[in-house]
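Here the sequence shown is numbered in our numbering, starting from -18 and rising by one per residue. All residues carry an ideal CB built from backbone N, CA and C; glycine is no exception. Working notes, beginning with the structure itself.
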Amino acid sequence: MIDPKNNASFDAHEDVVFVGGENQGYAGVVAIHNTVLGPAAGGCRIWDYDSADAALTDALRLSRGMTYKNAMADLPLGGGKAVIYRINTDRVDAFQKFGDAVEKLGGRYITAEDVGATVSDMRAIAGRTSYVAGIPKEHGQAGGDPSPWTALGVFLSIKAMLGGSVQGRTIAVQGVGAVGFHLCKLLAEAGAKLVVADVNKANLQRAEALGVEIAPVDQIHAVGADVFSPCALGAGLNATTIPELGAPIVCGAANNQLATEEDGARLVARGIAYGPDYVVNAGGIINVSCEYLGQSEKDADAKVRAIPGRVLKVLDIAKAENIPPHQAADRIVREKIAAARKT
Ligand code: NAD
-18 MIDPKNNASF
-8 DAHEDVVFVG
2 GENQGYAGVV
12 AIHNTVLGPA
22 AGGCRIWDYD
32 SADAALTDAL
42 RLSRGMTYKN
52 AMADLPLGGG
62 KAVIYRINTD
72 RVDAFQKFGD
82 AVEKLGGRYI
92 TAEDVGATVS
102 DMRAIAGRTS
112 YVAGIPKEHG
122 QAGGDPSPWT
132 ALGVFLSIKA
142 MLGGSVQGRT
152 IAVQGVGAVG
162 FHLCKLLAEA
172 GAKLVVADVN
182 KANLQRAEAL
192 GVEIAPVDQI
202 HAVGADVFSP
212 CALGAGLNAT
222 TIPELGAPIV
232 CGAANNQLAT
242 EEDGARLVAR
252 GIAYGPDYVV
262 NAGGIINVSC
272 EYLGQSEKDA
282 DAKVRAIPGR
292 VLKVLDIAKA
302 ENIPPHQAAD
312 RIVREKIAAA
322 RKT
């Protein structure tokens, strides 16, 4: 039996529940990191992990990240995450059973889409529990695919970090999947020049229609640009790539962009302004939260438009106190949670 407390990524998580099992046709883990600000919210990731231990590590790390993201975005939500690492039955059946497991948690965890999960999966879960979001709603109601909202928050943050306009500026976008493509559309409409890279040919072709220039995948971070926007995988800012970065600003959607704590300081040493990932990429969870709370698209839009103000505030604090921006962001979150604990 795996004990989550023995995992190096365990961070005083409130609860970790292994769900599914041999007779259920699927296996996964739900990690509830912190519920001081509200029920733990965070998507369900479907991934082919090497082991149950690797899945647990990801669930622990990602759920902690959701506590920080949700708190920073002023959402009445704590942090949690589910990871499903095996499905060996009909997919709908597996997600219905996962829905039963979410229901059993009694509202302490709210799920939605993450990497590998779809709207149909969320519909299957919704057949068994109401603690789920990410399902398209009637016109005017918040709901559905979170990625356009994430892209909007990233776009507005890039604009703010550039002083108010992207017109004529060059943005290097790493990854033109769900978020990256929507981001490129917004940037192109606002008059930016785009250089992009992706390992997926179909996604690149879709972006080509926007008039983008294409760079090699292993060079996109080094392209001479005004902004580098990581919208693919995490850990893209590391000891190898940071010395080669070709832009004075980094602002993108990818989660966990800094490979290590030291990489935040490496960016500062190079004079590169970094919009901390979880501050910038909160648009999707904001939309999920509005859906869950029965709010409108207008509400979601207003809340996403508050993101760039937070990014600038974090950068101001970092500059004034001579600390890396990700540390300034973490401190704001810890203070918010401590204050909520007191009340
Ligand atoms: P996605 O899978 O739709 O897109 C990712 C893209 O990156 C794909 O096109 C993929 O081919 C490409 N890619 C993978 N490796 C690459 C590499 N080495 N170089 C260049 N391209 C590469 O995922 P997404 O939903 O667009 O999310 C992108 C990132 O943003 C992820 O890190 C995700 O965790 C994060 N994020 C997404 C959301 C959301 O609303 N979808 C919200 C917050 C954070």
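Residues in the same chain with beta-carbon distance under 7 angstroms from residue i, minus the five sequence neighbours each way, listed in chain order, please.
i: residue 228; result: 153, 206, 207, 208, 209
i: residue 223; result: 244, 247, 248, 251
i: residue 16; result: -5, 59, 89
i: residue 322; result: 17
Taking C-alpha atoms, which residue in the options lies nearest to residue i?
i: residue 142; options: 311, 297, 309, 305; result: 297
i: residue 130; options: 4, 222, 234, 3; result: 234
i: residue 43; options: 135, 67, 14, 19; result: 14
i: residue 270; options: 24, -3, 8; result: 24
i: residue 306; options: 283, 268, 230; result: 230
i: residue 274; options: 167, 56, 185; result: 56
i: residue 134; options: 268, 299, 173, 276; result: 268
i: residue 191; options: 198, 172, 308, 180; result: 172
i: residue 180; options: 221, 66, 304, 158; result: 158
i: residue 162; options: 188, 41, 183; result: 188
i: residue 182; options: 53, 170, 140, 195; result: 195
i: residue 312; options: 279, 160, 61, 52; result: 52
i: residue 170; options: 287, 304, 148; result: 148
i: residue -11; options: 283, 323, 321, 39; result: 39
i: residue 140; options: 321, 287, 217; result: 287
i: residue 258; options: 232, 266, 280; result: 232
i: residue 168; options: 193, 185, 144, 221; result: 193
i: residue 314; options: 33, 41, 48; result: 48
Which same chain residues, not among the five before or five after residue i, have their C-beta less than 6 angstroms away from its C-beta?
i: residue 390; result: Summary: the structure shown does not reach residue 390, with the chain confined to residues -18 through 324, and so no result is reported for it.
i: residue 201; result: 153, 155, 178
i: residue 72; result: none
i: residue 105; result: 73, 76, 77
i: residue 276; result: 123
i: residue 317; result: 52
i: residue 279; result: none
Suppose you measure from the CA of residue i to the CA of residue j; what does that come to, to the nearest Å?
i: residue 121; j: residue 128; result: 17 angstroms
i: residue 290; j: residue -18; result: 46 angstroms
i: residue 238; j: residue 225; result: 15 angstroms
i: residue 203; j: residue 46; result: 27 angstroms
i: residue 59; j: residue 22; result: 6 angstroms
i: residue 29; j: residue 301; result: 43 angstroms
i: residue 70; j: residue 236; result: 30 angstroms
i: residue 96; j: residue 3; result: 24 angstroms
i: residue 295; j: residue 309; result: 6 angstroms
i: residue -9; j: residue -16; result: 10 angstroms
i: residue 241; j: residue -14; result: 22 angstroms
i: residue -2; j: residue 324; result: 28 angstroms
i: residue 36; j: residue 20; result: 22 angstroms
i: residue 217; j: residue 199; result: 11 angstroms
i: residue 145; j: residue 304; result: 24 angstroms
i: residue 174; j: residue 86; result: 47 angstroms
i: residue 281; j: residue 31; result: 37 angstroms
i: residue 186; j: residue 136; result: 21 angstroms
i: residue 41; j: residue 299; result: 27 angstroms
i: residue 272; j: residue 283; result: 14 angstroms
Could you tell me how far apart the beta carbons of residue i and residue j are, in whole angstroms, since I believe they sit closer than 8 angstroms?
i: residue 212; j: residue 164; result: 6 angstroms
i: residue 5; j: residue 78; result: 5 angstroms
i: residue 26; j: residue 98; result: 7 angstroms
i: residue 215; j: residue 138; result: Not confirmed; about 18 angstroms, so no contact.
i: residue 292; j: residue 261; result: 6 angstroms
i: residue 54; j: residue 263; result: 4 angstroms
i: residue 132; j: residue 176; result: Between residue 176 and residue 132 the Cβ distance is about 17 angstroms, and since that is not below 8 angstroms, they are no contact.
i: residue 62; j: residue -7; result: Going by Cβ atoms, the distance from residue 62 to residue -7 rounds to 15 angstroms, so no, they are not a contact pair.
From the DSSP secondary-structure annotation, give me the bridge partner or partners of residue i.
i: residue 155; result: 178, 211
i: residue 62; result: 12
i: residue 122; result: 277
i: residue 298; result: Paired residues: none, contrary to the question.
i: residue -4; result: 13
i: residue 231; result: 209, 255
i: residue 25; result: 63, 94
i: residue 239; result: 218
i: residue 1; result: 8
Please work out which residues of its chain come closer than 8 angstroms, Cβ to Cβ, to residue i, disregarding the five sequence neighbours upstream and downstream, and give them in chain order.
i: residue 100; result: 94, 115, 116, 117, 125, 126
i: residue 1; result: 7, 8, 9, 65, 67, 75, 78, 79, 82
i: residue 113; result: 80, 83, 91, 92, 93, 103, 106, 107
i: residue 253; result: 223, 226, 228, 229, 230, 231
Give a single yes or no on whether residue i has its beta carbon closer than 7 angstroms to a heavy atom of the ligand ADP.
i: residue 165; result: No copy of the ligand ADP occurs in the structure displayed; its ligands are the ligand NAD alone.
Chain D beta carbons: is any one of them nearer than 8 angstroms to that of residue i?
i: residue 306; result: Checking the listed chains, one finds no chain D in this structure; it contains a single protein chain.
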